[in-house]
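Here's what the structure looks like:
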């Protein structure tokens, strides 16, 4: 009986859809519209390691910037992960999943929105509103998954790429990496929910500086202000992320025995711990803030100063 109630409550919490705006009702339509725009891909490997999945942003010609197609594929992956956590799969690898690594292909994480796509398809206020609705929904649902996530940050995480990192529970950054919320330089504000999440990570004062002054953060600076959990050597963020996630997967691993035969933690227990944290952040104030952030972005995107900056790119 207890197990039934746990599963029922667990699933109902994570299956809720967050109502952001009237556009929200048409998210499936928006997703399919965006799927036709641009190149690149977002790939999910559920069997990357036992208990750990890998999500990879792949658009090397654009420094892994997100096209409309990639946004749709990211939303698809979140759908799949929600189904996995509801026991709607027979794959052992997926049933054992407790953690995720989000990374960019090659030597950079993500340079944000693919501006070549933005200029041709997402430059209008209405299309910007659609993009924001889909990405806020996808990243909100991603952050609420009962799976521990870490962003493996190499190279650059700029604009929307920086926002992506805030949707993860942890961040592993290369010593040579750079993070910058470039929104002010583009005469806009975060459109994917990254502003509020950044406040939760580093606090109001530091977030104001990082957002309002558009400060360029080095790996060391990101670590010093509490944005990153660990620093890795260049090219080693995925390996360091695996080590960091290991205690979530295995019970009390001994140093130097990460590849030894060890006892796995209870999948339900680890997922449950993440559920507690996610539920604590699911407040009315947060919901109001997400709506406000969305509305503010929509009031700026594709018009006035922002339109001028977009045309320069």
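Residue numbers (the UniProt record's numbering): 1 to 313.
We treat Cβ as the ideally placed atom computed from N, Cα and C, and that holds for glycine.
**Request:** With DSSP as the reference, label residue 225 as helix, strand or coil.
**Result:** The answer is coil: DSSP assigns residue 225 none of H, G, I, E or B.
**Request:** Within 10 angstroms of the Cβ of residue 87, are there 16 or more other Cβ atoms? Answer buried if so, exposed if not.
**Result:** By the 16-neighbour rule on beta-carbons within 10 angstroms, residue 87 is exposed.
**Prompt:** Closest by CA to residue 227, which one among 169, 236, 235?
**Reply:** When only C-alpha atoms are compared, the closest one is 169.
**Item:** Start-to-end residues for the beta strand (DSSP E) that takes in residue 171
**Value:** That run of the beta strand (DSSP E) goes 170 to 174.
**Message:** In this structure, how does DSSP classify residue 11 when only helix, strand and coil are distinguished?
**Reply:** Here the model assigns residue 11 a pLDDT of 44, short of 50, so the residue's position is not dependable, and the following value carries that caveat. Residue 11 falls in the helix class under three-state DSSP.
**Item:** Between the CA atoms of residue 280 and residue 33 - distance to the nearest angstrom
**Value:** Roughly 34 Å separates the two Cα atoms.
**Message:** Do residue 54 and residue 64 have their beta-carbon atoms positioned less than 9 Å apart in this structure?
**Reply:** Here residue 64 is not near residue 54, since their CB atoms are 9 Å or more apart.
**residue 248, enclosing alpha helix (DSSP H) - first and last residue** = Where residue 248 is concerned, the enclosing alpha helix (DSSP H) stretches over 237 to 249.
**Prompt:** Any idea what DSSP makes of residue 33, helix, strand or coil?
**Reply:** Residue 33 falls in the helix class under three-state DSSP.
**Request:** Take residue 148 and list the residues in its own chain whose beta-carbon comes closer than 6 Å to its own, dropping the five residues that flank it on each side.
**Result:** Only residues of its own chain outside the window of five on either side were considered, and among them 99, 169, 248, 274 have a CB closer than 6 Å to the CB of residue 148, listed in chain order.
**Message:** Please report the distance separating the alpha-carbon of residue 129 from that of residue 297.
**Reply:** The straight-line gap from Cα to Cα measures roughly 8 Å.
**Prompt:** What does a CB cutoff of less than 6 Å around residue 307 pick up in its chain, not counting 5 residues either side in sequence?
**Reply:** For residue 307, where only same-chain residues beyond five positions count, there are no Cβ hits under 6 Å.
**Simplified DSSP assignment, three categories, for residue 215** = Secondary structure of residue 215 (DSSP, three-state): coil.
**Message:** Tell me which residue opens and which closes the beta strand (DSSP E) that residue 42 is part of.
**Reply:** Where residue 42 is concerned, the enclosing beta strand (DSSP E) starts and stops at 41 to 49.
**Prompt:** Quick one, which of 234, 239, 269 has its alpha-carbon nearest residue 251's?
**Reply:** Distance from the Cα of residue 251 is smallest, within the candidate group 234, 239, 269, for 269.
**Message:** On the CB-based measure, 16 or more other CB atoms within 10 Å of its CB, does residue 205 come out buried or exposed?
**Reply:** Flag for residue 205 reads exposed.
**Request:** Report the three-state DSSP secondary structure of residue 71 (helix, strand or coil).
**Result:** Secondary structure at residue 71: helix, using DSSP grouped into helix, strand and coil.
**Message:** Just to confirm the assignment: which complete beta strand (DSSP E) runs, minimum length 3, are found wholly within the region 136 to 206?
**Reply:** Here the runs fully enclosed are 148 to 153, 156 to 158, 170 to 174, 178 to 180.
**Request:** Run the CB neighbour count on residue 119, radius 10 Å, all protein chains shown included, and call it buried at 16 or more, exposed below.
**Result:** With a 10 Å radius around the Cβ and a threshold of 16 neighbouring Cβ atoms, residue 119 comes out exposed.
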